[in-house]
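Just so you know, we're using this note's numbering here: the first sequence kicks off at 153 and counts up by one. Everything below concerns the one structure shown next.
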Amino acid sequence: MPNLKSPNEALSRSEASTSTKVTFSIDKIKNFSEWYDRALDVGDIIDARYPVKGMYIWRPYGFRALREMMSVMREIMDRTGHKETYFPMLIPESIFGKERDFLKGFKGEAYIVTQAGNDSLTEKLYVRPTSETVIYESVKPWIRSETDLPLKLYQVVNMYRHETKQTRPMLRLREVVEFKEAHTFHATAEEADRQIREGVAAYSEFFDRMLIPYIVVRTPSWDTFAGAVYNIDIMSVMPDGKALELASVINLGDKFAKAFGLTYRNKNNKESYVHQTCYGISERELGAMLAVHGDNRGLIMLPSIAPIHVVIVPIFKRGSEDAVKRAAENVKGMLEKQKLRVEIDDKPKGVGDKFYEWEAKGVPVRIELGLKEIERGELVIFRRDTLKKETIKAKDAPKRVLALMDEITKTLKERVDEYFKSRILHFLTVGELKKHYTERKGLVGLPWCGDEKCGRKLEEEIGIPTVGFVPEKHIDAACAACGRRDNTIEMYFGRTY
RNA sequence: GGGGCUGUACGCUAACCUGGCAGACUUCCAGCCUCGGGCGCUGGAUACCCGAGUUCAAAUCUCGGCAGCCCCA
Numbered sequence: 153m154p155n156l157k158s159p160n161e162a163l164s165r166s167e168a169s170t171s172t173k174v175t176f177s178i179d180k181i182k183n184f185s186e187w188y189d190r191a192l193d194v195g196d197i198i199d200a201r202y203p204v205k206g207m208y209i210w211r212p213y214g215f216r217a218l219r220e221m222m223s224v225m226r227e228i229m230d231r232t233g234h235k236e237t238y239f240p241m242l243i244p245e246s247i248f249g250k251e252r253d254f255l256k257g258f259k260g261e262a263y264i265v266t267q268a269g270n271d272s273l274t275e276k277l278y279v280r281p282t283s284e285t286v287i288y289e290s291v292k293p294w295i296r297s298e299t300d301l302p303l304k305l306y307q308v309v310n311m312y313r314h315e316t317k318q319t320r321p322m323l324r325l326r327e328v329v330e331f332k333e334a335h336t337f338h339a340t341a342e343e344a345d346r347q348i349r350e351g352v353a354a355y356s357e358f359f360d361r362m363l364i365p366y367i368v369v370r371t372p373s374w375d376t377f378a379g380a381v382y383n384i385d386i387m388s389v390m391p392d393g394k395a396l397e398l399a400s401v402i403n404l405g406d407k408f409a410k411a412f413g414l415t416y417r418n419k420n421n422k423e424s425y426v427h428q429t430c431y432g433i434s435e436r437e438l439g440a441m442l443a444v445h446g447d448n449r450g451l452i453m454l455p456s457i458a459p460i461h462v463v464i465v466p467i468f469k470r471g472s473e474d475a476v477k478r479a480a481e482n483v484k485g486m487l488e489k490q491k492l493r494v495e496i497d498d499k500p501k502g503v504g505d506k507f508y509e510w511e512a513k514g515v516p517v518r519i520e521l522g523l524k525e526i527e528r529g530e531l532v533i534f535r536r537d538t539l540k541k542e543t544i545k546a547k548d549a550p551k552r553v554l555a556l557m558d559e560i561t562k563t564l565k566e567r568v569d570e571y572f573k574s575r576i577l578h579f580l581t582v583g584e585l586k587k588h589y590t591e592r593k594g595l596v597g598l599p600w601c602g603d604e605k606c607g608r609k610l611e612e613e614i615g616i617p618t619v620g621f622v623p624e625k626h627i628d629a630a631c632a633a634c635g636r637r638d639n640t641i642e643m644y645f646g647r648t649y
């Protein structure tokens with residue numbers, strides 16, 4: 153559990169409330185780690201009190217948000233020609249170990265089942281840390297000729313990796329609960345290459361719709377996925393300035409095809425290897441979304457995935473309970489006709505309690521409704537993004553609330569764009585970077601000639617690891633390592649999660 | 001990969017240094033009071049992370065495990 157002893161913390165707490173109740177008021181930028189843990193707790197997303205490192209309990213409210221987010225992902229996958237499947241979680245060692253680099257990359261963090269009941273197993277079973285091997289082995293008989301290609305599959309499953317780094321809910325886990333992994337099979341290298349661009353486009357659409365800011369980069373050759381030819385990473389930046397890999401789109405070439413004997417008969421009746429790609433996302437995207445949009449009062453749910461769009465808080469006076477309740481039900485009915493998810497909070501608690509609670513959970517709109525409003529035919533509407541209240545005619549509620557969903561989305565987008573812009577910095581030389589990048593927050597770009605030696609040298613000189621580069625975007629500057637000017641591109645560096 | 005810190009009730013915390021009845025607030029339960037930004041009152045429930053060691057005696061000291069946080073690479 154977080155330790156709350158910093159002076160800032162004590163100050164913000166006492167300022168926010170005179171009661172000793174734990175108030176959610178944490179400076180997200182100054183104290184992101186603590187903000188994140190507390191916001192997910194008070195915001196009803198995760199219960200972190202599970203005694204196994206890297207595994208967390210999803211609360212219903214949080215899980216609903218995840219489900220909404222994943223349904224957007226499924227919609228995009230389905231629309232772009234991917235078919236949803238399922239492959240087993242336990243993978244025999246003989247299959248898991250078929251591709252050397254992959255085995256080397258994942259062996260250290262795979263959970264391995266060696267015993268069942270009282271018997272030890274004759275062959276070890278690997279719990280999937282990702283499903284390349286089991287899928288590639290299994291689809292072999294599905295692919296016989298070019299007419300079977302391209303084959304584009306995806307599954308949404310849980311997967312396990314024995315992370316040794318510090319774990320964090322949603323961002324770094326040992327048990328990933330909703331791993332959406334896509335695997336595609338193509339006749340030619342060109343087609344696989346095209347699929348990479350399609351995969352990046354699909355993910356870009358997803359992140360655009362989730363209002364998660366990102367840049368698309370190519371990972372340097374010395375830092376690619378185990379068994380990959382190259383990969384494209386989609387990177388974001390968290391409020392503490394650390395970079396977060398949102399997704400990786402990987403071109404596997406025919407390396408796995410060769411290891412698994414994945415071939416088809418081409419037009420000349422010649423056996424050819426398929427070319428493959430794979431790409432995945434997970435609940436990490438929800439963590440990123442919540443992290444970038446929340447404020448010092450807690451979470452702010454993006455309207456498109458909010459488990460509850462509107463919470464109605466009835467304000468009772470003695471004797472008015474029934475009338476207020478009826479009015480609340482009436483408003484709820486009107487809003488639900490607009491496909492809004494609405495909840496009435498008539499729990500016997502003070503309204504202040506309720507307000508703080510729903511704000512921490514990030515419900516986009518709150519409606520306050522008491523005798524005063526009923527008499528005037530009005531409603532008080534509070535929006536979570538700006539914390540502003542307005543009074544409207546009750547009959548205008550459906551129209552106004554729907555409009556507010558768009559307005560809130562727009563505000564969040566503007567805010568997050570501005571935030572992201574301030575966290576991507578560009579420098580021309582190492583000296584300039586060292587002089588100005590003192591807080592080491594966010595991604596930094598430096599001119600780079602494309603040579604691995606120079607990339608590694610820069611990494612070492614500035615003491616920040618490479619994140620990736622944008623291959624097709626040439627810049628007019630000299631490589632910050634060797635000074636060459638031809639073909640200079642920008643390499644991004646950043647501390648990562 | 002290396003280093004540091006921490007673990008007391010649902011939550012937050014006191015006692016730990018200097019071993020000797022674990023205390024407050026919050027929460028929860030029962031009841032009263034009633035709801036426009038964390039009401040009040042009465043009564044009650046709930047805790048020393050796990051294991052070993054030292055000791056007459058361990059929340060406190062030592063060792064190990066598990067879990068969490070921070071810093072550096």
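Cβ atoms here follow ideal geometry from the backbone N, Cα and C, with glycine treated the same way. Bear in mind that the values here come from a model prediction, so they are computed numbers and not experimental data.
From Thr581 to Arg637, what does the alpha carbon distance come to, in whole angstroms?
-> Translated into positions along the first sequence, residue 581 becomes position 429. Translated into positions along the first sequence, residue 637 becomes position 485. For Thr581 and Arg637, the distance between alpha carbons rounds to 13 Å.
Item to check | Pair within 9 Å by beta-carbon distance, Ala125 and Leu323 | outcome: Any answer about residue 125 is impossible in this case: the structure gives the chain only from 153 up to 649.
Starting from Cys606 and walking both ways along the beta strand (DSSP E), at which residues does that stretch end? For the purposes of this step, residue 606 is taken as residue 454 along the first sequence, with counting starting at 1. Here Cys606 belongs to no beta strand (DSSP E); instead the alpha helix (DSSP H) covers Glu604 to Ile614.
request  = Quickly, what does DSSP pair Glu642 with across the bridge? List them, please.
outcome  = The residue you call residue 642 lines up with position 490 of the first sequence. Its beta-bridge partners are Pro599.
- Task: Determine the extent of the alpha helix (DSSP H) in which Pro372 is found, giving its start and end residues.
- Result: Mapped onto the first sequence, residue 372 falls at position 220. Per DSSP, Pro372 belongs to no alpha helix (DSSP H) and is neither H nor E.
Q.
What would DSSP say about His650, mapped onto helix, strand or coil?
A. A question about residue 650 goes unanswered here, because the residues of the chain that appear run from 153 up to 649.
So, are the CB atoms of Thr618 and Phe645 less than 9 Å apart? Translated into the one-based positions of the first sequence, residue 618 becomes position 466. Translated into the one-based positions of the first sequence, residue 645 becomes position 493. The answer is yes: Cβ separation under 9 Å.
If you scan the segment 428 to 474 from start to end, which runs of the beta strand (DSSP E) of 3 or more residues do you find wholly inside it?
462 to 467
Self-check item: Span of the beta strand (DSSP E) around Val381
Solution: In the first sequence, counting from the first residue as 1, residue 381 sits at position 229. From DSSP, Val381 is part of no beta strand (DSSP E); its letter is neither H nor E.
Residues near Tyr355 in its chain [Cβ-Cβ closer than 8 Å; skip 5 each side] = As a working note, residue 355 is residue 203 in the first sequence. Result list for Tyr355: Ile386, Leu398, Ala399, Val401, Tyr431 and Ile433, in chain order.
Determine the DSSP secondary structure at Ile264, reduced to helix, strand or coil. Here residue 264 refers to the residue found at position 112 when the first sequence is read from its first residue. Correct three-state label for Ile264: strand.
Where Arg296 falls: helix, strand or coil (DSSP): The count along the first sequence starts at 1 and reaches residue 296 at position 144. The answer is coil: DSSP assigns Arg296 none of H, G, I, E or B.
Discussion item. So, with DSSP's three-state summary, where would you put His626?
Written reply: On the first sequence, position 474 is the one that residue 626 refers to. Correct three-state label for His626: strand.
- Task: Kindly indicate which three-state DSSP category Met707 falls into: helix, strand or coil?
- Result: Because the chain spans 153 through 649 in this model, residue 707 falls outside it and cannot be assessed.
_Which residue marks the beginning of the beta strand (DSSP E) containing Arg216, and which one marks its end?_
Within the first sequence, residue 216 is the residue found at index 64, counting from 1. Taken as a continuous stretch (DSSP letters only), Arg216 belongs to no beta strand (DSSP E), being part of the alpha helix (DSSP H) at Pro212 to Arg231.
**Prompt:** Ordered along the chain, which non-local residues of its own chain (more than five positions away) have a Cβ less than 8 Å from that of Gly522?
**Reply:** Reading the first sequence from its first residue, position 370 is the one you call residue 522. Closer than 8 Å at Cβ, skipping near neighbours: Pro466, Ile467, Phe468, Lys469, Ser472 and Val476.
Return the chain-ordered list of same chain residues with a C-beta closer than 7 Å to the C-beta of Phe651, the five sequence neighbours on each side being excluded. Past the boundaries of the shown model lies residue 651; the chain is included only from 153 to 649, so the question cannot be answered.
Do Thr266 and Lys256 count as a contact pair if the criterion is CB distance below 9 Å?
For the purposes of this step, residue 256 is taken as the residue at position 104 of the first sequence. For the purposes of this step, residue 266 is taken as the residue at position 114 of the first sequence. Result no, Cβ atoms of Lys256 and Thr266 do not sit closer than 9 Å.
Look up Pro302 in the DSSP assignment and say whether it is helix, strand or coil. Taking the first residue of the first sequence as position 1, residue 302 is located at position 150. Reduced to three states, the DSSP call for Pro302 is coil.
Which whole-angstrom value describes the C-beta separation of Thr336 and Thr429, a residue pair presumed to lie in contact below a C-beta threshold of 8 Å? As a working mapping, residue 336 is identified with position 184 in the first sequence. As a working mapping, residue 429 is identified with position 277 in the first sequence. About 5 Å separates the two Cβ atoms, so the contact holds.
Please report the Cβ distance between His461 and Pro516, rounded to the nearest whole angstrom; I am assuming they are in contact, meaning their Cβ atoms lie under 8 Å.
-> On the first sequence, position 309 is the one that residue 461 refers to. On the first sequence, position 364 is the one that residue 516 refers to. That pair is a contact at about 6 Å.
Notebook entry, point to check: CA-CA distance, Phe254 and Lys501?
Noted result: Within the first sequence, numbered from 1, the residue matching residue 254 stands at position 102. Within the first sequence, numbered from 1, the residue matching residue 501 stands at position 349. Looking at the two C-alpha atoms, the distance is approximately 56 Å.
Rounding to the nearest angstrom, what Cα-Cα distance links Ser177 and Ser185 in this structure? Taking the first residue of the first sequence as 1, we reach residue 177 at position 25. Taking the first residue of the first sequence as 1, we reach residue 185 at position 33. So the two alpha carbons sit approximately 14 Å from each other.
Residues in the same chain with beta-carbon distance under 7 Å from Ile364, minus the five sequence neighbours each way, listed in chain order, please.
Here the question's residue 364 lines up with position 212 in the first sequence. Ser388, Leu398, Glu437, Ala440, Met441 and Val444, listed in sequence order.
Query - Beta-carbon proximity of Ala480 to Glu220, cut-off 9 Å - result: By one-based count along the first sequence, residue 480 stands at place 328. By one-based count along the first sequence, residue 220 stands at place 68. No, Cβ-Cβ distance for Ala480 and Glu220 is not below 9 Å.
| query | Just reading off the alpha helix (DSSP H) that Pro550 is part of, what are its end residues? | reply | Counted from its first residue, the first sequence places residue 550 at position 398. Segment Ala549 to Lys573, the alpha helix (DSSP H) holding Pro550.
My output table needs one value for Lys259: the three-state DSSP class, helix, strand or coil. Position 107 of the first sequence, counting from 1, holds the residue named residue 259. DSSP places Lys259 in helix when its eight states are reduced to three.
| Secondary structure of Arg652, DSSP reduced to three states | The requested residue 652 does not occur in the structure, where the chain is confined to residues 153 to 649.
*asked:* Let's see if you can read the secondary structure: which residues bound the alpha helix (DSSP H) around Ile197?
replied: Here residue 197 refers to the residue found at position 45 of the first sequence. Element bounds for Ile197: n/a, residue is neither H nor E.
Less than 9 Å between the beta carbons of Lys110 and Gly379, yes or no? The structure shown does not extend to residue 110, since the chain spans only 153 to 649, so no value can be given for it.
Taking all protein chains shown into account, decide if Cys631 is buried (16 or more other Cβ within 10 angstroms of its Cβ) or exposed. Along the first sequence, read from residue 1 onward, the residue named residue 631 stands at position 479. Label assigned to Cys631: buried.
| Taking DSSP as the reference, what is the three-state secondary structure of Ala334? | By one-based count along the first sequence, residue 334 stands at place 182. Residue state, collapsed to three classes: strand.
Go through its chain and collect everything with a Cβ distance to Lys419's Cβ below 8 Å, but skip five positions before and after it. By one-based count along the first sequence, residue 419 stands at place 267. If we look at Lys419 and ignore the five residues flanking it on each side, its Cβ neighbours are Glu298.
Q) What separation, rounded to the nearest whole angstrom, lies between the Cα atoms of Arg592 and Thr563? A) By 1-based counting over the first sequence, the position of residue 592 is 440. By 1-based counting over the first sequence, the position of residue 563 is 411. In a straight line, the C-alpha of Arg592 is about 28 Å away from that of Thr563.
Bridge-paired residues (DSSP) for Gly620: Taking the first sequence and counting its residues from 1, the one referred to as residue 620 is at position 468. The partner list for Gly620 (beta bridge, DSSP) reads Tyr644.
>> Using C-beta distances below 6 Å, list every residue in its chain close to Phe572, excluding the 5 sequence neighbours before and after it, in chain order.
In response: Within the first sequence, numbered from 1, the residue matching residue 572 stands at position 420. Only Pro365 meet the Cβ criterion.
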